[in-house]
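As structure tokens, the structure follows; a few thoughts come after it.
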Amino acid sequence: MNISIINGPNLNLLGKREPNIYGSVTFDEYLNALKKEFSNIKFDYFQSNIEGEIIDQIQKVGFSSDSILLNAAAYTHTSVAIGDTIKAIDTPVIEIHISNTFSREDFRHKSYITPGAKGLIIGFGIDSYRLGVLSIIK
Ligand code: DQA
């Protein structure tokens with residue numbers, strides 16, 4: 007099984023970015039632990055701060071990968087284009103958020119990803135990704 011993880015803007019700063027909200031683990035550390043725990047799964051990982059690059063990556067893996075875990079970060083709340091892309095591909099997308107966006111500012115309550123997503127996992131810290139993997143295995 008192949009799972010593609012795609013992270014949006016500022017998630018390259020995990021570990022040092024607002025650790026009270028996003029935790030103190032870097033994504034590389036976390037991904038290594040995930041790969042060890044789920045050694046029978048092939049993970050590919052992509053992060054970009056640029057909307058068009060995220061769209062290109064979703065299109066690239068969206069007809070071959072078994073599942074996509076997508077944390078579009080701030081683009082979640084603004085990007086009609088990323089929302090359109092996940093509706094255009096074959097691979098199911100699970101929307102991931104580290105923080106509980108509904109307990110934060112109003113502008114984080116709107117998602118352009120959710121209508122095209124298979125499911126939504128939010129608010130479990132960085133383990134939202136792990137719960138996404140478990141949901142795929144099930
Ligand atoms: C986030 C929540 C977004 O509102 C925010 O812009 C992010 C991260 C999360 O994982 O909690 O960058 O997607």
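Take any residue in the sequence shown, note its place counting from 1, add 6, and you have its number in the numbering used here.
Glycine is no exception: its CB is placed at the ideal position from the N, C-alpha and C atoms.
- Task: Inspect the CB distances between the region 111-120 and the region 14-27 and report whether three or more fall short of 8 Å.
- Result: no
query: Is the beta carbon of S141 sitting closer than 7 Å to the one on I74?
result: Numbered from 1 along the sequence shown, position 135 holds the residue referred to as residue 141. Numbered from 1 along the sequence shown, position 68 holds the residue referred to as residue 74. No.
Check: Between S105 and ligand 1, is the CB less than 6 Å from at least one heavy atom?
Finding: The residue labelled residue 105 in the question sits at position 99 within the sequence shown. Indeed, a heavy atom of ligand 1 lies less than 6 Å from the Cβ.
So for E43, helix, strand or coil by DSSP?
Position 37 of the sequence shown, counted from the first residue, corresponds to residue 43. Three-state DSSP puts E43 in a helix.
In whole angstroms, what separates the C-alpha of E57 from that of A79?
Numbered from 1 along the sequence shown, position 51 holds the residue referred to as residue 57. Numbered from 1 along the sequence shown, position 73 holds the residue referred to as residue 79. Rounded to whole angstroms, E57 to A79 spans 11 Å at the Cα level.
- Task: Put Y118 into one of helix, strand or coil per three-state DSSP.
- Result: Here residue 118 is taken as the residue at index 112 of the sequence shown, counted from 1. In this structure, Y118 counts as coil in the three-state DSSP scheme.
- Buried or exposed by the 16-neighbour rule on C-beta atoms within 10 Å, applied to E43: Taking the first residue of the sequence shown as 1, we reach residue 43 at position 37. Exposed, since its Cβ has fewer than 16 Cβ neighbours within 10 Å.
**Prompt:** Should Q65 be labelled buried (16 or more other beta-carbon atoms within 10 Å of its own) or exposed?
**Reply:** Taking the sequence shown and counting its residues from 1, one reaches residue 65 at position 59. Exposed: under 16 other Cβ atoms inside 10 Å.
Based on DSSP bridge pairs, tell me the residues matched to I100. Within the sequence shown, numbered from 1, the residue matching residue 100 stands at position 94. DSSP output for I100 lists L75, G125 as bridge partner(s).
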